[in-house]
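Engineer: Whatever position you read off the sequence shown (first residue = 1), add 87 for the working numbering.
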Amino acid sequence: MELTSDLHFYNIAVNTNYSSVHIPTNVYDLTDEVKEDIMKTEPLDDMFRQNYESDPALSWQYFGSVTGMFRQYPAMEWRTNAEDDDDDDDDNDSDDNNKIDEDDNKDANQNDDTKNEVNNNDDDADDDDDDDDDDDDDDDDDDDDDDDDDDDDDDGSSADLYDCRVRSWFIEAATCSKDMVILLDVSGSMAGMGKTIAKTTVNAILDTLSNNDYVTLLKYNNETTELVPCFKDMLIQATPENLDTFKKSMDNIKMMEVANFTAAFTKAFSLLKSYRKIHDCDADTSCNQLIMLVTDGVPGGKLGENLKEVFKKWNWSENGTHIPVRVFTYLIGKEVTNITEVQWMVKSCLNHGDFEHVQTQEEVRERVLKYISVVALPLVLQSVKHPIVWTHAYADVTNPALATWLWLVMKYAPQKSRLLKHLKGKQLGIRSNEDAIYIQQLHKSENIEEDSSILNTTKWQEYRLLTSVGTPVFGHRRSHDNMTGTINDTLLGVAGTDVPIDDIRRLTLPYKLGVNGYAFIVSNNGYVILHPDLRPVYKGRLKLNYNSVDLTEVEILDDGRGPRNPGPEILALREALVSHKQGSMKGIPVKLHYDDNRRVNLERRDYFYAPLPDTPFTLAVVIPNYGNTWIKVGDEIRRNQNMNINVSDYFVGDRWRVHPSWVYCRYHYQERHEFDSPEDELLHFLALISQPGWRWLEQYQAYPFIDEDDQEPDCGRQTLKHDDYYCNKELMQLLVFDAKATNNSFQRNHITDLPLKAQNLARSYGIFVRFIATQSGLTRWHHFGKLADADDGIIFGNFHKRAVNEPWYKGAIFQNELDSNSIFVTVPWEAGANAIVTVSMSVSPRDGGKKAPAAVVGFQMPMIDLYKRFIKLTANTTNSMINCSNKWIDCYLLDQNGYVVISDAHNDTGQFMGTQEGPVMLSMIKQGLYSPVEIYDYQAWCQEVLTKNSANILMEPLRYIGKLLLWFLLRLMWFTSQFVNLPVGYGKYHFDEDAPAPPPPPKPYLYHYPCDQKRTLYMLNMSIAIKGITDHSDYCSRPFYAQRVTHTNLLLVVVNSMFPTCYKRLEVTPVNISPFEYPNSTGDKPCHKIPLNALKRRRLNNCFTEHPLEHEIYSCGASELTVSSLLLYIIVVKILHAFMLANEL
């Protein structure tokens, strides 16, 4: 089979004519069931191709079988580890024509080829010595170990652990939302291997849960208690963070005493009953509730009778016809030693559950996954509805099917080019980079001891957030009779596809939302799927809780409330979104942080929201109070064509860029339609527009009526040709309008082409580039000359091409709201003496009493040149106390958030004033010149440097001391033997061993964990700044004077350095909030998030939990054929014995 790299599939080599098949490592691929699944799903290739031909925006399509067989389209080679495929060929599109053996699936015996060999080499991605890891925009996987032990990031081979049956899209489609109580036997009989297998079993059960589920873990012996104390008497949402807490808590359990099953089941049933009341569940609208018993034996005799009474009381209501809770039993151990115990295992059948005998760790997953088919049985038996299920967001790098490939493709030209620009932008202090977000791979060679904040990491990987949509597939083989009925309806598997979150973002038409406007999506759990402040990665590490961030953790209102204390407005908004309602909320005061949480602005916003049909999601659009109007143009392209003007003439040269994340025009099939840049793609379509027969086509056309009885695979859908395209006509018209309006001003190639006044102004301030960015995403610039010591490869448009999303664009709009005739001046964070000053100003035309932001113009200049001009201007004053040329006078220009733009000490540029002149800054705050604004970050990711096996740090010295004592005793015996006349035989033994070598020092590693942080940022009070202030006798600052620089966002601060001052330092860096600081906190992380557990949730629709035909199914426990046969034999013998006794009487 020939594989060709495809841009649509991340440059992975694929074949769009076929699908490929994968079998999990722990599943034997020559069983009849697996071979049958492979052959029966072969016709799916036709359906997959038809889907892709009718909607080329589709991502991966797949079908997962209950046997573990996974069919994925398009076909690709399965890789479990990166290979070093000649890094010198970086500019190749890919190693095209990769070959794998073609499997036409005609002979299922050939499916050995679906298991690929594990490769032992690691691909070397782009190396870079950049050690700046402070990019908060690059803000773990559900499966990641929170310890982040870098020793685990090995370059060696990795096993193929992929199993579609444990992916969230499979489990959620098959089982819907679940309330689960896990009962873990911690009695003395479970010690040893039983404990190990039990922990593995519980972990496997937890791995089948998702954000839609609720769970708790109870340990029981004589007493039944919560494994996590702060989760007392509650079911907790099964977020990755909470599941990780359960798993780690099992490391501390001790096996002792005897098991009290009655008390354990009573507590479990009672807890589940309370949640049925909360969710209004009854016989008509039941909840999906489960008890998972993990034990090495089930009681019999009188204890068994007591347990039977518990089941009768709590779970066999309405004469046993309504069973609200399913009970599953996992029997741990090699042998079943008591028939009575086995009988109580089978009692799970009376509770619509099942039992499994788990003898070894290797079979844990297979045994645990069997409960999925049992829970799915009501869904299968109803056989009419196939509910569509959408998953929570997840990162594509967490998908083992793609993870290795996503590393490999980083060496290809498009990915490498984006990476290099990203790293260069970080060096230049460009912190916001939404179009290039990366994850780092850590190596064992990292020197953490030298500096834990700087990692010598060389491997980077792009990642994308996805959501998956799936639907269950049933098999119907039913023969039902009143006397001898057999029901063979089964769950065959789940079909699904991936939907990139970026695709959804593009459909929200961000250009229409304007600057500082945005769209976000909230799930039925209140978690954000799409949001501009969703930061899944921090310093190259994927956060553990990245897909369970609540709306109240990203929408921070200006309501004066403390941390984790959401007010009524945000709670009302959240409830409306979770409840799938349509409506609006206007004039909501919010705190808007930007520039990586270093700046803040207060404004009012309007929220508009509506449900997304047939999904658990609700879409909301947020518009600032100045964003209710925007500029709309007519048919600008035709107008130019009627004037015989070629619109391509407005896009000549290479000093312009368009927004890289916006789609202007695009081919449906990107394969063989690759362009080097978005600008080349735009020019291509501008040329096509001028040709006869051009038509404006949309990405999605309305489908014609589809007959539900149509069995054809195309379902009546229209297929697309390879050269079919789509365009955003409105955005293209606006872009041409902006290009025409800005063309003449930026056609000049040299400073001498400008008016004389502009030339003199540019030279006096050292201006080296001017630019304009428009609402259509167009950015133009003009270089006046090369900046001293600048890199020749630094081109303004390569690092500032996102127009309305650039910080200087947003700042200019903010400043325009305060003073429409003012400019916005900013420098990068901690830029120092080589800082580049960016000056920008909003262009907001008025029409009919309304104004709309159309563009932002500006220029850049070296801070040193601005400082020289500043000193020259301020030296003209006759007041020596504020003459900045005097040596005893320290002069500062601060921006609206208190950051130093220029100062006498050039290294202060970009620093917060509170770190340089803390008492002066404090005095300005006390007098109201700057107002403090507290920002809470609930997505923070903290880290500590720990040592390997630090949990056992007390044991290591003890072991070492023990070895020393042993050595000392041996030496003492030898020394004594030199003076004591022992028998000759003893002299043959010499205790001449050396002291044992000390153990190697513990290796340090970075421990990452989610945390809350608080920043105190500051905003300039313009009304006071205009008047100006001086030092106050109540504060210990040096004498100073402060006043606003007219028509700017700057504040002039003059300090007399001849006077003494007290020491005071103010910081804008984040401060960790301890979980114990919260009111009513019951423990450490994540216990402080328990209030989120009580917020509004919406259960998914089409959740089937019961079916009348379940009572007629007798397959419970069939997995243990020998036990079932033995029980049947005993039952028959007892019946015959009773019959014979009756006849004798």
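Yeah, the Cβ is synthetic: ideal placement off N, Cα and C, and Gly gets one too. From a predicted model like this one, the values you see are computed outputs, not experimental measurements.
1. Thinking C-alpha only, which one of Asp367, Phe356, Cys368 and Glu422 is nearest Val397?
2. With three or more C-beta pairs closer than 8 Å as the rule, is the region 89 to 108 touching the region 155 to 167?
3. Excluding the 5 residues flanking Phe946 on each side, which residues of the same chain have their C-beta closer than 6 Å to its C-beta?
4. Would you decide whether Tyr1076 is buried or exposed? Buried here means 16 or more other CB atoms lie within 10 Å of its CB.
5. Would you mind sorting His109 into buried or exposed? The rule is 16 or more other CB atoms within 10 Å of its CB.
6. Quick check on Asp952: does DSSP put it in helix, strand or coil?
7. Using CA atoms only, rank isn't needed, just tell me which of Tyr1096, Ile710 and Ile643 is closest to Thr332.
8. Going by DSSP, what residue range makes up the alpha helix (DSSP H) through Gln1003?
9. Going by C-alpha distance, which of Ser748, Lys808, Gln778 and Thr353 is nearest Tyr754?
10. Going straight from the alpha carbon of Pro587 to that of Gln846, what length do you get?
11. Whole angstroms is fine: what's the gap from Ile1012's alpha carbon to Tyr1150's?
12. Using DSSP with H/G/I as helix, E/B as strand and the rest coil, what is Ala920?
13. Can you check whether the CB of Ser990 is closer than 8 Å to the CB of Thr1135?
14. Just to confirm my understanding: we take His993, look at its own chain, exclude 5 residues before and 5 after, and list those with CB closer than 6 Å. What are they?
15. Distance check for Tyr614 and Asn1233, CA to CA, integer angstroms please.
16. Among the residues of its own chain, which have a CB less than 6 Å from the CB of Ala350, if the five just before and after it don't count?
17. Helix or strand or just coil, what does DSSP make of Asp383?
18. Any idea which residues DSSP pairs Ile1160 with across the strands?
19. Give me whichever residues DSSP pairs with Ala1129 in a beta bridge.
20. Once you ignore the five residues that flank Ser1010 on each side, which residues in its own chain have a CB closer than 7 Å to its CB?
21. Rounded to whole angstroms, what is the Cα-Cα separation between Glu1043 and Lys1090?
22. How is the beta strand (DSSP E) around Phe607 delimited, first residue to last?
23. Could you tell me which of Asp383, Glu443 and Leu594 sits nearest to Ala144, measuring between CA atoms?
24. If you check the beta carbons only, do Val273 and Tyr301 fall under 8 Å apart?
25. Where does Asp182 sit, in a helix, a strand or coil, going by DSSP?
26. Which residues mark the beginning and the end of the beta strand (DSSP E) in which Trp1028 is found?
27. For Lys1251, tell me which candidate among Phe348, Arg363 and Met280 has the shortest Cα-Cα distance.
28. In the DSSP assignment, what are the bridge partners of Tyr813?
29. Going straight from the alpha carbon of Asn375 to that of Lys937, what length do you get?
30. Between which residues of its own chain and Pro1157 is the CB-CB distance below 6 Å, once the five residues before and five after are set aside?
31. Our contact map puts Thr1002 next to Leu1153 with C-beta atoms below 8 Å; I'd like the distance itself, whole angstroms only.
32. According to DSSP, which residues form a beta bridge with Ala942?
33. Is the beta carbon of Ala942 closer than 8 Å to that of Ile859?
34. Compute the Euclidean distance between the alpha carbons of Ser361 and Asp320, then round it to the nearest angstrom.
35. Classify Phe1163 as buried or exposed, calling it buried when 16 or more other Cβ atoms lie within 10 Å of its own Cβ.
Structural biologist: If we stick to the structure as given:
1. For Val397, the nearest C-alpha among the options comes from Phe356.
2. The region 155 to 167 is in contact with the region 89 to 108.
3. Close CB contacts of Phe946 within its chain, under the 6 Å cut and outside five residues either way in sequence, are with Ile854, Arg857 and Val926 (chain order).
4. Unreliable placement is indicated for Tyr1076, whose pLDDT of 45 sits below 50; the coordinate value is still reported in the next sentence. Its Cβ having fewer than 16 others within 10 Å, Tyr1076 is exposed.
5. Buried, by the Cβ-count rule.
6. Asp952: helix per DSSP, three-state reduction.
7. Of the listed residues, the one whose Cα sits closest to Thr332 is Tyr1096.
8. First-last of the alpha helix (DSSP H) with Gln1003: Met1000 to Gln1003.
9. It is Lys808 whose Cα lies nearest to the Cα of Tyr754.
10. Taking the straight line from one Cα to the other gives about 48 Å.
11. Their backbone Cα atoms lie some 16 Å apart in a straight line.
12. Look at Ala920 here: in three-state DSSP terms it is helix.
13. No, the Cβ-Cβ distance between Thr1135 and Ser990 is not below 8 Å.
14. If we look at His993 and ignore the five residues flanking it on each side, its Cβ neighbours are Ala920.
15. Any property of residue 1233 remains undetermined from this structure, which presents the chain solely from 88 to 1232.
16. Once the five neighbours on either side are set aside, the close Cβ partners of Ala350 are Thr311.
17. Correct three-state label for Asp383: coil.
18. Looking at the DSSP assignment, Ile1160 forms a beta bridge with Asp1099.
19. As a beta-bridge residue in DSSP terms, Ala1129 pairs with Ile1116 and Val1140.
20. Taken in chain order, the residues that qualify are Asp1118, His1119, Tyr1122 and Ser1124.
21. A caution first: Glu1043 carries a pLDDT of 46, below 50, which makes its placement in the model unreliable, though a value can still be read off. Distance between the alpha carbons of Glu1043 and Lys1090: 13 Å.
22. Segment Tyr605 to Val609, the beta strand (DSSP E) holding Phe607.
23. When each option's Cα is compared against that of Ala144, the closest is Leu594.
24. Not in contact: Val273 and Tyr301 (Cβ atoms no closer than 8 Å).
25. Because Asp182 carries a pLDDT of 40, less than 50, the predicted location of this residue cannot be relied on, and the following value inherits that uncertainty. Asp182 falls in the coil class under three-state DSSP.
26. Its beta strand (DSSP E) spans residues Tyr1017 to Thr1034.
27. Here the chain comprises residues numbered 88 to 1232, so residue 1251 is not present and cannot be evaluated.
28. For Tyr813, which the question treats as bridged, DSSP gives the partners Arg753.
29. Between the alpha carbons of Asn375 and Lys937 lies a gap of roughly 55 Å.
30. In chain order, Gln1100 and Arg1102 place their CB closer than 6 Å to the CB of Pro1157, counting only its own chain and leaving out the 5 sequence neighbours on each side.
31. Yes, Thr1002 and Leu1153 are in contact; Cβ-Cβ is about 7 Å, under 8 Å.
32. Bridge partners of Ala942: Thr861 and Val930.
33. Contact flag set, yes.
34. Here the alpha carbons of Asp320 and Ser361 stand approximately 10 Å from one another.
35. Of the residues assessed, Phe1163 falls on the exposed side of the cut-off, its CB having fewer than 16 other CB atoms within 10 angstroms.
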